[in-house]
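Undergrad: Got a structure here, written out as structure tokens. Questions coming.
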Amino acid sequence: MTRYVRRFSRTERAFHWTNATFFLVLLASGLVLYLPSLEVAVGRRALVKDVHFWTGVAWPTALLLVALLGDRRGLLRLAREIDGFDRDDLTWLAGRRHVPQGRFNAGQKINATLTAAFTVLFVVSGLLLWLGERDTKLRFASTVVLHDGLFFAAFALLVGHLYLAVIHPATRHALRGMVVGTVREEWAAHHHAKWKPQ
Amino acid sequence: MDEQTHRIGRGVFLATVAGGVSSLFWGKAAWTRVTGVVSPVAETLVPVLPSSGWRIYSVADHLPTFDRASWRLKIGGLVDRPLALDYAALRRLPRVEQVSTFHCVTGWTVTNVRWAGVRIADAIGPAQPQSRARALRFVSAEKPYVDYLTLDQSRLHDVLLAYEMDGKPLSRAHGAPLRLVIPDMYGYKNVKWLERIDLVPESEAGYWEALGYDRDAWVGRSNGYGT
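Chains U and L are the protein sequences, given in the same order. In this text, residue positions in the first sequence follow the numbering used here: the first is 1, and each later residue adds one. In this text, residue positions in the second sequence follow the numbering used here: the first is 1001, and each later residue adds one.
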């Protein structure tokens, strides 16, 4: 009989999938606006622009709602967990992957941290693009560069994330944790030795 | 967590946000340097990337389609002999070539674009403009896009009605078969999919200018830049 332990709470999963959903809609609509070949094929730039902009506004709003309506304390604990790096985490980051890790390994902490920072920057630069079209005082020659650069960085992060979560045999069991909340006890013991599930 | 925990996450977060926000002041210069090296490679590897620097902006639901048989460039307004040039007649006008830089008001720039086309004077001269005419209205097949130049602006040495870009006939995305090129002004003055040029008494607000952009869109000296 396989034993399972709970890795992600309902609030954590809701937070993750809300973020993922909005990100994918923004990615799809953003690519249509960005890639000349898609722009020619799809057209309707004004409509796609509206979809992209309002999805971008709804994105942090929805995340905030999930946080407010969900387990706020749990999310604060989660933030502290991601913020803290112990000596084993630093060893892991230095490339020695066989040190024991907590509920999140150091790479996952970095991924979550960068994702959060990118979200802030996406929203700020996106708002500046929108405002700059309306008021020249808020127009910077580099806003579009920041927004595009973020896309490349976030896309690279997403590809790595999807590879580890869906394809790589050793780690893809983690996807179950993000879908139903639980993972196999022996898998957790192997990948997250220092984590003591409740 | 072990005994000694370093609060590193917040540092990474803040540094990333700070670096990103500060890039508003150095991003374009850095990007130009990087793409100078990367874009020829990236373009070969991933041909769909806009690595040559172009973005395709449009205002209508669909980009206009060029039909060689039915396309005409109409020249009208304050002229004695209104004209309708077909594509072959357009190509028989004196051909000029130039290399110029294209600046978009949103911040991107494409250097060394090779254009071929005709000077405006050669296109409108045969229509015999009247002396009351002081400006030109450029009407796009993409409705309702329109923009204006004064006659003086249209006589700048590198203003062109372009039908070729980088050695090939203008593509649909870039305004086939004919677009206006005025390198000293931002891209929104460079009307794509031209189908009509009218001589008018004075310059008016074009499509973007009605939405608050500057009528005289000088690169680096308008729309909030360089002031």
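Glycine included, every Cβ here is placed at the ideal spot set by N, Cα and C. All values derive from a computational prediction rather than experimental measurement.
Thinking C-alpha only, which one of L:V1017, L:V1159 and L:I1056 is nearest E39 (chain U)?
TA: Position 39 of the first sequence, counted from the start, is the residue given in the question as residue 39 (chain U). Nearest option by C-alpha distance: L:I1056.
Undergrad: Which residues share a DSSP beta bridge with T1005 (chain L)?
TA: Residue numbering aside, residue 1005 (chain L) sits at position 5 when the second sequence is read from its first letter. Its beta-bridge partners are U:D86.
Undergrad: So K1192 (chain L) contacts chain U; which residues on that side make the cut at Cβ distance below 9 Å?
TA: To locate residue 1192 (chain L), count along the second sequence from 1; it is residue 192. Those within 9 Å of K1192 (chain L) in chain U number zero; the least Cβ separation is about 12 Å.
Undergrad: Compare the beta carbon distance of V1105 (chain L) and Y1207 (chain L) with 8 Å and say whether it is the shorter of the two.
TA: Translated into the one-based positions of the second sequence, residue 1105 (chain L) becomes position 105. Translated into the one-based positions of the second sequence, residue 1207 (chain L) becomes position 207. Cβ distance not < 8 Å, so V1105 (chain L) and Y1207 (chain L) don't count as in contact.
Undergrad: Would a check of beta-carbon distances place T91 (chain U) closer than 8 Å to chain L?
TA: Residue numbering aside, residue 91 (chain U) sits at position 91 when the first sequence is read from its first letter. Not an interface residue.
Undergrad: Going by other Cβ atoms of all chains shown within 10 Å of its Cβ, with 16 needed for buried, is D1002 (chain L) buried or exposed?
TA: For the purposes of this step, residue 1002 (chain L) is taken as the residue at position 2 of the second sequence. Per-residue confidence for D1002 (chain L) stands at a pLDDT of 46, beneath the threshold of 50, marking its modelled position as unreliable; the derived number appears in the next sentence. With fewer than 16 Cβ atoms within 10 Å of its Cβ, D1002 (chain L) is classed as exposed.
Undergrad: Are the beta-carbon atoms belonging to A1127 (chain L) and S1203 (chain L) less than 8 Å from one another?
TA: Here residue 1127 (chain L) is taken as the residue at index 127 of the second sequence, counted from 1. Here residue 1203 (chain L) is taken as the residue at index 203 of the second sequence, counted from 1. Contact: no.
Undergrad: CA-CA distance, T202 (chain U) and A156 (chain U)?
TA: Residue 202 (chain U) lies beyond the stretch modelled for chain U, which goes from 1 to 198, so this question has no answer here.
Undergrad: Below 8 Å between beta carbons: does that hold for F1066 (chain L) and P1183 (chain L)?
TA: As a working mapping, residue 1066 (chain L) is identified with position 66 in the second sequence. As a working mapping, residue 1183 (chain L) is identified with position 183 in the second sequence. Not in contact: F1066 (chain L) and P1183 (chain L) (Cβ atoms no closer than 8 Å).
Undergrad: Look at T136 (chain U) and G70 (chain U) and say whether their C-beta atoms are less than 8 Å apart.
TA: One-based indexing of the first sequence puts residue 136 (chain U) at position 136. One-based indexing of the first sequence puts residue 70 (chain U) at position 70. Taking 8 Å as the Cβ cut-off, T136 (chain U) and G70 (chain U) do not qualify as a contacting pair.
Undergrad: Show which residues of chain L have a CB atom less than 8 Å away from the CB atom of D83 (chain U).
TA: As a working note, residue 83 (chain U) is residue 83 in the first sequence. Residues of chain L passing the Cβ test: R1007, I1008, G1009 and R1010.
Undergrad: Closest Cβ-Cβ distance between A188 (chain U) and chain L: below 8 Å?
TA: Translated into positions along the first sequence, residue 188 (chain U) becomes position 188. Closer than 8 Å: no.
Undergrad: I'd like the span of the alpha helix (DSSP H) that includes F1138 (chain L), first residue to last.
TA: One-based indexing of the second sequence puts residue 1138 (chain L) at position 138. Counting along the chain, F1138 (chain L) falls outside any alpha helix (DSSP H), though it belongs to the beta strand (DSSP E) covering A1135 to S1140.
Undergrad: So what does DSSP say about N111 (chain U), is it helix, strand or coil?
TA: Along the first sequence, one-based indexing puts residue 111 (chain U) at 111. Three-state DSSP puts N111 (chain U) in a helix.
Undergrad: Find the nearest neighbour of W92 (chain U) within the set U:E81, U:K109, U:P197 and U:L76, judged by alpha-carbon distance.
TA: Mapped onto the first sequence, residue 92 (chain U) falls at position 92. Cα-wise, what sits closest to W92 (chain U) is U:K109.
Undergrad: Alpha carbon to alpha carbon, how far is G1027 (chain L) from D1198 (chain L)? Give it in angstroms, no decimals.
TA: Position 198 of the second sequence holds residue 1198 (chain L). Position 27 of the second sequence holds residue 1027 (chain L). Cα-Cα distance, rounded: 40 Å.
Undergrad: Cβ atoms of S1222 (chain L) and S142 (chain U): under 8 Å apart, would you say?
TA: Here residue 142 (chain U) refers to the residue found at position 142 of the first sequence. Here residue 1222 (chain L) refers to the residue found at position 222 of the second sequence. No, Cβ-Cβ distance for S142 (chain U) and S1222 (chain L) is not below 8 Å.
Undergrad: If contact is defined by three or more beta carbon pairs under 8 Å, each pair taking one atom from either stretch, is the stretch 1078-1095 of chain L in contact with the stretch 1130-1147 of chain L?
TA: Flag = yes, the stretch 1130-1147 of chain L and the stretch 1078-1095 of chain L touch.
Undergrad: Count the other C-beta atoms from every protein chain shown that fall within 10 angstroms of the C-beta of L76 (chain U), then say buried if there are 16 or more, exposed otherwise.
TA: Along the first sequence, one-based indexing puts residue 76 (chain U) at 76. Exposed.
Undergrad: Measuring CB to CB, does V1191 (chain L) end up less than 8 Å from Y1145 (chain L)?
TA: In the second sequence, counting from the first residue as 1, residue 1191 (chain L) sits at position 191. In the second sequence, counting from the first residue as 1, residue 1145 (chain L) sits at position 145. Yes, Cβ-Cβ distance for V1191 (chain L) and Y1145 (chain L) is below 8 Å.
Undergrad: To which residues does DSSP link R988 (chain L) through a beta bridge?
TA: For chain L, the structure presents residues 1001 to 1227; residue 988 (chain L) sits outside this window and is missing.
Undergrad: In the DSSP assignment, find the alpha helix (DSSP H) that holds E1164 (chain L) and state where it starts and stops.
TA: Working through the second sequence from its first residue, we reach residue 1164 (chain L) at position 164. No alpha helix (DSSP H) holds E1164 (chain L); the beta strand (DSSP E) holding it covers L1160 to M1165.
Undergrad: For L1063 (chain L) versus R1179 (chain L), is the C-beta spacing smaller than 8 Å?
TA: Indexing the second sequence from 1 puts residue 1063 (chain L) at position 63. Indexing the second sequence from 1 puts residue 1179 (chain L) at position 179. No, they are not a contact pair.
Undergrad: Find out if the Cβ-Cβ distance for the pair E1209 (chain L), L1073 (chain L) is shorter than 8 Å.
TA: If you number the second sequence from 1, residue 1209 (chain L) lands on position 209. If you number the second sequence from 1, residue 1073 (chain L) lands on position 73. No, they are not a contact pair.
Undergrad: Alpha carbons only, please: which of L:W1054, L:G1125, L:H1006 and L:L1211 is nearest the one belonging to T1111 (chain L)?
TA: As a working mapping, residue 1111 (chain L) is identified with position 111 in the second sequence. Comparing Cα-Cα distances from T1111 (chain L) to each of L:W1054, L:G1125, L:H1006 and L:L1211, the minimum goes to L:W1054.
Undergrad: Assign H1157 (chain L) to one of two classes, buried (16 or more other C-beta atoms within 10 Å of its C-beta) or exposed (fewer than that).
TA: Working through the second sequence from its first residue, we reach residue 1157 (chain L) at position 157. Looking at its Cβ environment, which holds fewer than 16 other Cβ atoms inside 10 Å, H1157 (chain L) is exposed.
Undergrad: Following the continuous beta strand (DSSP E) through T1111 (chain L), name the residue where it begins and the one where it ends.
TA: On the second sequence, residue 1111 (chain L) is found 111 positions in, with the first residue counted as 1. Residues T1109 to V1118.
Undergrad: Mind listing the chain U neighbours of F1102 (chain L)? Cutoff is C-beta to C-beta under 9 Å, in chain order.
TA: Working through the second sequence from its first residue, we reach residue 1102 (chain L) at position 102. Those do not exist, as F1102 (chain L) stays about 14 Å from chain U at its closest Cβ, beyond 9 Å.
Undergrad: Report buried or exposed for T113 (chain U), applying the criterion of at least 16 other Cβ atoms within 10 angstroms of its Cβ.
TA: One-based indexing of the first sequence puts residue 113 (chain U) at position 113. Counting Cβ neighbours within 10 Å, T113 (chain U) comes out buried, since at least 16 surround it.
Undergrad: Quick one: does D1002 (chain L) have its CB under 8 Å from some CB of chain U?
TA: Here residue 1002 (chain L) corresponds to residue number 2 of the second sequence, with the count starting at 1. In this prediction, D1002 (chain L) has a pLDDT of 46, which is less than 50 and means its spatial position is unreliable; nothing more can be read from the coordinates.
Undergrad: From the DSSP secondary-structure annotation, give me the bridge partner or partners of D1147 (chain L).
TA: Taking the first residue of the second sequence as 1, we reach residue 1147 (chain L) at position 147. According to DSSP, which records beta bridges pairwise, D1147 (chain L) is partnered with L:F1138.
Undergrad: Quick one: what does DSSP say T2 (chain U) is sitting in, helix, strand or coil?
TA: As a working note, residue 2 (chain U) is residue 2 in the first sequence. In the structure shown, T2 (chain U) sits in coil (DSSP, three-state: anything other than H, G, I, E or B).
Undergrad: So, for Y1087 (chain L): in the same chain, excluding its five sequence neighbours on each side, which residues have a beta-carbon less than 8 Å away from its beta-carbon?
TA: As a first step, residue 1087 (chain L) must be located in the second sequence, where it is residue number 87. Excluding residues within five positions, the ones whose Cβ falls inside 8 Å are R1068, W1071 and P1177.
Undergrad: Going by beta-carbon coordinates alone, are R184 (chain U) and T2 (chain U) separated by less than 8 Å?
TA: Looking up residue 184 (chain U) in the first sequence gives position 184. Looking up residue 2 (chain U) in the first sequence gives position 2. It is a contact, given that the beta carbons lie within the stated cut-off.
Undergrad: Just the C-alpha distance for K1143 (chain L) and P36 (chain U), rounded to the nearest angstrom, thanks.
TA: Residue 1143 (chain L) sits at position 143 when you count from the first residue of the second sequence. Residue 36 (chain U) sits at position 36 when you count from the first residue of the first sequence. In a straight line, the C-alpha of K1143 (chain L) is about 20 Å away from that of P36 (chain U).
Undergrad: Please decide whether A174 (chain U) counts as near chain L, where near means a Cβ-Cβ distance under 8 Å.
TA: Residue 174 (chain U) sits at position 174 when you count from the first residue of the first sequence. Not closer than 8 Å to any Cβ of chain L, the Cβ of A174 (chain U) fails to qualify, so no.
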